[in-house]
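Numbering (this note's numbering), first residue to last: 182 to 566. All C-beta atoms, glycine included, are put in the ideal place defined by N, C-alpha and C.
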Ligand code: TRH
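Set out below in structure tokens:
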């Protein structure tokens with residue numbers, strides 16, 4: 182029997198929050214037959230990824246998902262079986278209160294002979310999957326390769342005041358985590374064409390040292406075509422080269438603006454290019470499924486917390502690389518994240534690109550042997566581990 186899911190997404194900035202939530206919502210509906218509502222506070226951030234979404238509508242159906250505008254005057258109609266709070270976005274207070282009411286429902290307690298010792302729900306009746314009410318409340322966390330997530334994934338966090346429990350669901354790279362988003366039928370590390378032109382996609386923040394990269398590309402003996410999406414990547418390039426709607430030619434390199442692509446077309450671009458610069462969370466994961474060499478600009482955090490996450494990923498991902506190649510990858514990732522010299526790091530990265538590509542194909546295929554995040558979530562909600 183399909184469960185009703187409410188996924189809540191608050192767009193902080195950029196496209197990562199909505200990218201992850203939209204992928205998850207459409208996969209739960211399309212692959213797992215679940216009844217999914219996706220509540221988004223800013224639908225205009227979804228329409229570039231998903232042109233079928235009309236940001237002016239408060240309610241619409243797209244790819245089997247009921248899309249709802251999460252407005253300030255949120256009116257509660259019903260509480261779902263599963264509530265996903267994406268990235269600690271804080272559910273509407275009325276929704277949380279109704280979840281607690283559902284828990285208190287006498288009918289429900291009778292049906293499941295539930296004990297309410299110390300105000301905490303007991304799951305002794307057979308796991309999370311045994312109940313329709315109260316909802317299973319999931320906090321979907323950000324992705325990190327740090328080892329501590331293995332121990333924290335799936336942990337319960339009792340609400341301090343209400344008889345509710347929230348479960349932490351951590352995406353990750355090991356089987357002890359919630360895994361990574363990956364649709365059924367997604368081509369994982371498909372073979373690439375041997376093209377004379379080196380095609381690059383450049384999705385980055387405006388803080389990336391693009392000037393140094395552009396200088397290195399301009400000096401290339403091989404033809405280069407660099408695709409630049411709108412927004413921060415194009416702003417960064419324009420800050421270096423000046424405005425030009427038609428793009429730029431520097432030495433052997435062409436640098437061309439690209440329109441913002443629908444999500445699946447962007448995935449295809451990553452499979453098409455020989456090297457991808459990606460950022461944040463979702464494009465970072467997609468670059469890994471593409472299996473091509475990639476350079477990651479991590480989302481910056483206060484106190485440089487992101488640097489620990491960057492190195493945690495490099496440690497895990499680079500473990501099976503030859504040490505010299507791993508050092509080139511690390512140098513390029515660090516330089517691209519403001520710690521080092523891109524001009525010095527790029528030649529080594531490029532020279533090792535064939536070996537990095539081989540490694541990335543293996544890496545992607547190994548990761549794809551693990552269950553994907555949506556499948557893990559469905560299993561978790563049903564009471565599995
Ligand atoms: O946009 P981002 O920088 O998002 C970030 C991160 O998720 C970060 O962790 C989070 O804290 C912050 O947002 C609020 O990068 P990310 O995660 O790669 O998301 C970009 C999305 O945009 C991704 O789903 C791919 C999609 N995309 C397209 O669909 N078409 C395009 O042309 C491009 C360039 C991207």
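- Every unbroken stretch of the beta strand (DSSP E) spanning 3 or more residues and falling wholly within the segment 400-454 is given here in chain order: 405-409, 429-431, 434-438.
- Distances taken from the Cβ of residue 459 to the heavy atoms of ligand 1 include one shorter than 7 Å.
- Beta bridge pairing from DSSP links residue 460 with 478.
- Pairing residue 317 with residue 189 gives a Cβ-Cβ distance that is not under 8 Å.
- In the three-state DSSP reduction, residue 216 falls in the strand class (E or B).
- In this structure, ligand 1 has a non-hydrogen atom nearer than 7 Å to the beta-carbon of residue 464.
- Ligand 1 has no heavy atom closer than 7 Å to the beta-carbon of residue 214.
- Taking the CA atoms as reference points, residue 340 sits about 13 Å from residue 349.
- In the displayed model, residue 241 falls within a strand according to three-state DSSP.
- By the criterion of at least three beta-carbon pairs nearer than 8 Å, the segment 416-423 is in contact with the segment 384-393.
- Judged by their CB atoms, residue 234 and residue 443 are not nearer to each other than the 8 Å cut-off.
- For the pair of segments examined, the segment 325-342 was found not to touch the segment 504-511: the number of CB pairs separated by less than 8 Å stays below three.
- DSSP, reduced to helix, strand and coil, places residue 377 outside both helices and strands of the structure shown, so it counts as coil.
- Around the beta-carbon of residue 238, fewer than 16 other beta-carbon atoms lie within 10 Å, marking it exposed.
- The straight-line gap separating the alpha-carbon atoms of residue 448 and residue 254 is approximately 36 Å.
- DSSP, reduced to helix, strand and coil, places residue 384 outside both helices and strands of the structure shown, so it counts as coil.
- Taken in chain order, the unbroken stretches of beta strand (DSSP E) that lie wholly in the segment 228-278 and span 3 residues or more are 240-243, 246-250, 263-267.
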